[in-house]
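Please read the structure below before turning to the comments.
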Amino acid sequence: MPSHKLFYGWVVLGAAILTITMGIGTLFSLGVFLKPVEEAMGWSRGAIGSVALLNWLIFGLGSFVSGVLSDRVGTRTVVLAGGLLLGLGLVLGSQVTTLWQFYLTFGLLVGTGVSAFYVPLTATATKWFSARRGLAVGIVSAGNGLGILVLSPLTRFLISAFDWRTAMLILGDLAWLVVIPAGLLIRNSPVDVGAVAHGDVSTDAGPIPSHTAGSALRSLPFWTIALTHFACCAAHSGPIFHMVAHAMDQGVAKMAAATVLGVSGFSSIFGRLGAGLLADRFGPRHTLVATLGLQAAMIFLYLFTSDLTTFYALGLVFGVAYGGAMPLYAVLTRERFGERVMGTIYGGVFFISSIGMGIGSFAGGYIFDLLGSYRGLYLGSFAIGMTAVVLALTLRPPRGAPAPGFPPVLH
441 MPSHKLFYGW VVLGAAILTI TMGIGTLFSL GVFLKPVEEA MGWSRGAIGS
491 VALLNWLIFG LGSFVSGVLS DRVGTRTVVL AGGLLLGLGL VLGSQVTTLW
541 QFYLTFGLLV GTGVSAFYVP LTATATKWFS ARRGLAVGIV SAGNGLGILV
591 LSPLTRFLIS AFDWRTAMLI LGDLAWLVVI PAGLLIRNSP VDVGAVAHGD
641 VSTDAGPIPS HTAGSALRSL PFWTIALTHF ACCAAHSGPI FHMVAHAMDQ
691 GVAKMAAATV LGVSGFSSIF GRLGAGLLAD RFGPRHTLVA TLGLQAAMIF
741 LYLFTSDLTT FYALGLVFGV AYGGAMPLYA VLTRERFGER VMGTIYGGVF
791 FISSIGMGIG SFAGGYIFDL LGSYRGLYLG SFAIGMTAVV LALTLRPPRG
841 APAPGFPPVL H
């Protein structure tokens, strides 16, 4: 495109951030709804946590399907369909009277709607940017943290001002108002607007291996990345989902407890962007190992946290850690399997990781109902977090790739 015109890839990234902010923020808002719904409906935390488990299972499976569909029919179509389902799930969820209805609306419809966003939009970002792919993916991933930052306190404010039903209804209307216009701005690749990717494609580090979807899904690198992502998410999902309830149990005021989650989401934005920059310079594997180690350490420290100041401080660092890890799996996937099947393969990775997200969220509620505290959750999450570190250490760079931060050697 002419140099004086705005590169459309930045518009795509902006639309992606808005979409993911609304989708992921809504998904994590269930943690804010946890105690109000428990008190109003008489459902246990384990029961509501099982809705989160279904939510993440549907989200993960839907992410795989949406990744495949984005490779075939385009990301724009997938995102628009997801926006319609997300709003519908929230609006209907505000009217439920039984637990099974909550499973159907927030668990199934919301999970399916949000699943149409992250994987297709991340795969699309890797098509628009080549020289700074890590940063581009980090920017898209920042929508996750921004969603927690914005939607958590907003949800708590709406609940306090009205009730949980009205709050959920408003979020559903907001989802339609934000996601559908943003989805209309998405273009699937630079070819759609007569452009080329930002940065010459020759800047890619090393040769990209040629894979079919089937061969990639059966390969050892796929399963190593997927299981590392699974352990990473299983470790941090429980502490994130139960962060507000845990803070309130420790005597923190309701609105302050919601802002603790918001602070964590805010700092995760910097973690995602910073990790993307570090991955471009030092390589995604080394950056991933560092962020996973920091994540495990922060989870362990939650065992000793009981006052608002400490919750804020720990939430800041914890957000940087889990946020920093998340965009790196997409970079690792693109680095090993290339662009052609990126949506499908990263969808598979994300599906497996979402099972970890669901298990962690459910286990936290189950452990609390069983033991009356979250101590067991943090101990178990710490152990799983260390397992993620070990798995990440087994990753090897793709054959023929140059050392991070240096140009390829010409033969």
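Count along the sequence shown from 1, then add 440; that gives the number in our numbering.
Cβ atoms here follow ideal geometry from the backbone N, Cα and C, with glycine treated the same way.
All values reported here derive from a predicted model rather than from experimental measurement.
Would you mind working out which of the options sits nearest residue i, comparing C-alpha positions?
i, options, result
"Arg627", "Ala832, Ile579, Leu453, Leu598", "Leu453"
"Ala666", "Leu768, Gly529, Val451", "Leu768"
"Ala765", "Ile709, Leu819, Gly816", "Ile709"
"Val729", "Thr668, Leu497, Val472, Ile795", "Thr668"
"Leu544", "Asn495, Lys567, Met826", "Asn495"
"Gln690", "Ala736, Val619, Thr745, Gly778", "Thr745"
"Gly678", "Gly800, Phe777, Ala487", "Gly800"
"Ser707", "Val789, Ala675, Ala753, Phe468", "Ala753"
"Val590", "Val829, Gly733, Val703", "Val703"
"Ile855", "Gly796, Ala828, Thr699", "There is simply no residue 855 to check, as the chain begins at 441 and stops at 851 in what is shown."
"Arg485", "Ile807, Ser592, Pro630, Tyr762", "Ile807"
"Trp663", "Thr773, Val618, Ile460", "Thr773"
"Trp483", "His686, Leu831, Trp540", "Trp540"
"Ile464", "Arg512, Ala615, Ile488, Trp450", "Ala615"
"Val508", "Thr834, Gly788, Ala823, Pro837", "Gly788"
"His726", "Val829, Leu470, Arg658", "Val829"
"Val451", "Ala487, Met462, Trp568, Thr537", "Trp568"
"Gln535", "Leu474, Thr606, Gly514", "Thr606"
"Leu743", "Phe722, Leu819, Ala761, Met695", "Leu819"
"Ala696", "Pro621, Ser600, Glu478", "Ser600"
"Pro661", "Pro837, Thr466, Asp809", "Pro837"
"Leu741", "Leu609, Asp809, Met462, Tyr814", "Tyr814"
"Thr537", "Ile588, Val513, Leu446, Met481", "Met481"
"Ala737", "Leu657, Thr827, Leu609", "Thr827"
"Ile680", "Phe802, Leu609, Glu775", "Phe802"
"Phe504", "Met608, Leu657, Leu817, Gly449", "Leu657"
"Tyr448", "Leu625, Gly816, Phe722, Ser655", "Leu625"
"Leu474", "Met462, Phe542, Leu446, Arg516", "Phe542"
"Ala620", "Val771, Gly816, Thr515", "It should be pointed out that residue 620 corresponds to Ile in this sequence rather than to Ala. For Ile620, the nearest C-alpha among the options comes from Thr515."
Considering only their Cβ atoms, is the gap separating residue j from residue i smaller than 8 Å?
i, j, result
"Phe597", "Ser793", "no"
"Val472", "Ser506", "no"
"Ile785", "Phe777", "yes"
"Trp604", "Pro476", "yes"
"Leu853", "Leu611", "The displayed coordinates of the chain run from 441 to 851. Any statement about residue 853 would go beyond what the structure contains."
"Gly623", "Gly523", "yes"
"Ser821", "Ala693", "no"
"Arg712", "Ala565", "no"
"Val518", "Ala556", "yes"
"Leu528", "Leu549", "yes"
"Val592", "Phe468", "Looking at the sequence itself, residue 592 is Ser, so the reference to Val does not match. Yes, these two residues count as a Cβ contact at 8 Å."
"Gly798", "Leu493", "yes"
"Asn584", "Ile739", "no"
"Leu732", "Cys672", "yes"
"Gly716", "Val577", "yes"
"Ala687", "Phe751", "yes"
"Ile488", "Glu479", "no"
"Thr466", "Val554", "yes"
Hey, residue i and residue j are a contact pair by Cβ (cut 8 Å); roughly how many whole angstroms apart?
i, j, result
"Gly502", "Thr552", "5 Å"
"Gly804", "His682", "4 Å"
"Leu575", "Asp720", "6 Å"
"Leu586", "Gly705", "7 Å"
"Val491", "Phe546", "6 Å"
"Thr595", "Val580", "Rounded, the Cβ-Cβ distance is 23 Å, inconsistent with contact."
"Asp511", "Gly759", "Contact doesn't hold; Cβ gap of about 32 Å is too wide."
"Ala761", "Leu734", "4 Å"
inquiry  = Quick check on the DSSP output: what are the complete alpha helix (DSSP H) runs of length 4 or more inside the stretch 507-556, in order along the chain?
reply    = Counting only runs of 4 or more, we get 515-533, 539-542, 551-554.
key: Uninterrupted alpha helix (DSSP H) stretches inside the stretch 648-729 (no shorter than 4 residues)   = Runs of the alpha helix (DSSP H) inside the stretch 648-729: 653-657, 660-681, 683-689, 694-722.
query = Which full runs of the alpha helix (DSSP H) of 4+ residues lie inside the stretch 470-510, going along the chain?
reply = Entirely contained in the stretch 470-510, the alpha helix (DSSP H) runs reaching 4 residues are, in chain order, 470-481.
inquiry  = Quick check on the DSSP output: what are the complete beta strand (DSSP E) runs of length 3 or more inside the stretch 741-770, in order along the chain?
reply    = Within the stretch 741-770, no run of beta strand (DSSP E) reaches 3 residues while sitting entirely inside it.
inquiry  = Give the list of continuous alpha helix (DSSP H) stretches no shorter than 4 residues that lie fully inside the stretch 772-819.
reply    = Within the stretch 772-819, the alpha helix (DSSP H) runs of at least 4 residues that lie entirely inside it are, in chain order, 782-811.
task = Pick out the complete alpha helix (DSSP H) segments inside the stretch 569-614, 4 residues or longer, and give them in chain order.
result = As far as the stretch 569-614 is concerned, its whole alpha helix (DSSP H) runs of at least 4 residues are 573-601.
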